[in-house]
Amino acid sequence: MNTDLTALEKLDDGRFRACDTQGRERIFEAVLFATGRVPNTQGLGLEEAGVVLDKGAVTVDDWSQTNVPSIFAVGDVTNRIQLTPVAIREGHAFADTVFGGTPVKVDHTNVPSAVFTRPEAGTVGLSEDEARAQGEIEVYLASFRPMQTAFIGTDTKALFKLVVDKASRRVLGCHIVAPGAGELIQIAAVAVKMGATKDDFDATMAVHPTMSEELVLMRKPTSLTGPAPLARVPATVSRREPGAIALESAPLVPN
Ligand SMILES: Cc1cc2nc3c(=O)[nH]c(=O)nc-3n(C[C@H](O)[C@H](O)[C@H](O)COP(=O)(O)OP(=O)(O)OC[C@H]3O[C@@H](n4cnc5c(N)ncnc54)[C@H](O)[C@@H]3O)c2cc1C
């Protein structure tokens, strides 16, 4: 993650030798190259209409309104968070605000998302680095082989991480790498969005034997970090692992 390829070579055995911009060279069975996207705004006449763009993306305010009051933009073209539910919510808020008489702003914080690889990755809220830049945090981490797949002899691993604000105990971020992480993070996102604290998680009874019970069973932080990061200790190993181990004033819109 967060690197770029400098060379990719297919080997005789079907695997790939990958070299990256950090000077690393490794052989993988599969390589995932995520390139990103750019807004397709050329030729729409936006510049001629005086609409401000930022690298092709339409610049909008919290109401999805551009600098030209009669022009709004929602979805990927605004390059806020490029996900289907976000585009839908932004469109809904625009319609409510401008046509429905109910001014609504979309809250772009704590938007959950998932990467549907195998295993899946799901995330909501701040990353460890983002949270650390804001102040003192605790990180709770569990990395283990889930019981239900270990029993059938697979080597599937799961990772659960909670990033917690040390002072308020509020859970700032939840990150899961596991089979079904997309489904799991959707539910965890409700708690994070509601402002749940680590104590709320701890007070929640576990569902046993599940993977996600780790979310309510991690008792000791694996790292305590603030603006000056402290030393990390290794991730915990699950004890359950077999084998032991609003309303505001509406924007002004011309008629
Ligand atoms: C490969 C891929 C996988 C994705 N997977 C997910 C996922 O799993 N989950 C998720 O939440 N999001 C996913 N996304 C992102 C999601 O597709 C977008 O965030 C979402 O479609 C944005 O909706 P939108 O209405 O802003 O843009 P779009 O859905 O792109 O709609 C824009 C429409 O405008 C049309 N158009 C463009 N130019 C013109 C023009 N000049 N005149 C008239 N019409 C025009 C286009 O044809 C298109 O129909 C994925 C995106 C890609 C590319």
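872 is the number of the first residue of the sequence shown in the numbering used here; add one for each residue after it. For each residue, glycine too, the CB sits at the ideal point set by N, CA and C. Small disclaimer: the values here were computed from a predicted structure and weren't measured.
Regarding residue i and ligand 1, is the C-beta to nearest heavy atom distance less than 6 Å?
i    : result
Q953 : yes
D947 : yes
A958 : yes
Between the C-alpha atoms of residue i and residue j, what's the straight-line distance to the nearest angstrom?
i     : j     : result
G916  : L924  : 12 Å
R1003 : Q953  : 25 Å
R1103 : P1092 : At R1103, the pLDDT of 40 sits below 50, so the modelled position is not reliable and the matter cannot be decided from this model.
L997  : P983  : 10 Å
F887  : R895  : 13 Å
I1023 : R989  : 17 Å
L876  : V939  : 41 Å
P956  : D883  : 43 Å
V922  : T937  : 7 Å
E961  : V977  : 6 Å
L1030 : F987  : 15 Å
E999  : I1056 : 16 Å
A1059 : V1034 : 13 Å
A901  : P910  : 29 Å
T1020 : G972  : 52 Å
V931  : L879  : 39 Å
D967  : V929  : 21 Å
A889  : R1016 : 28 Å
F904  : D947  : 20 Å
G914  : A920  : 12 Å
K926  : A1077 : 47 Å
T912  : V1048 : 35 Å
K1064 : G885  : 44 Å
R1040 : T874  : 33 Å
E918  : I959  : 25 Å
H963  : S941  : 17 Å
Q1005 : R897  : 35 Å
G1044 : E1054 : 16 Å
E1001 : R908  : 23 Å
Could you tell me how far apart the beta carbons of residue i and residue j are, in whole angstroms, since I believe they sit closer than 8 Å?
i     : j     : result
V1010 : S1094 : 4 Å
T980  : H1046 : The Cβ separation is near 16 Å, so there is no contact.
M1018 : P1080 : 5 Å
T1027 : P1050 : 6 Å
A1052 : E991  : 4 Å
D1073 : V1087 : 6 Å
F965  : V945  : 6 Å
E1085 : A985  : At roughly 18 Å, the Cβ-Cβ gap does not stay under 8 Å, so E1085 and A985 are not in contact.
K1037 : I1008 : 6 Å
V1042 : T1068 : 7 Å
Are there 16 or more other CB atoms within 10 angstroms of the CB of residue i, so buried, or fewer, so exposed?
i     : result
K881  : exposed
M1082 : buried
M1089 : buried
T892  : exposed
D933  : exposed
N950  : buried
F899  : exposed
G1066 : exposed
T906  : exposed
F943  : buried
At a Cβ threshold of 7 Å, is residue i touching chain D?
i     : result
F1022 : This model lacks chain D altogether, as it is built from one protein chain only.
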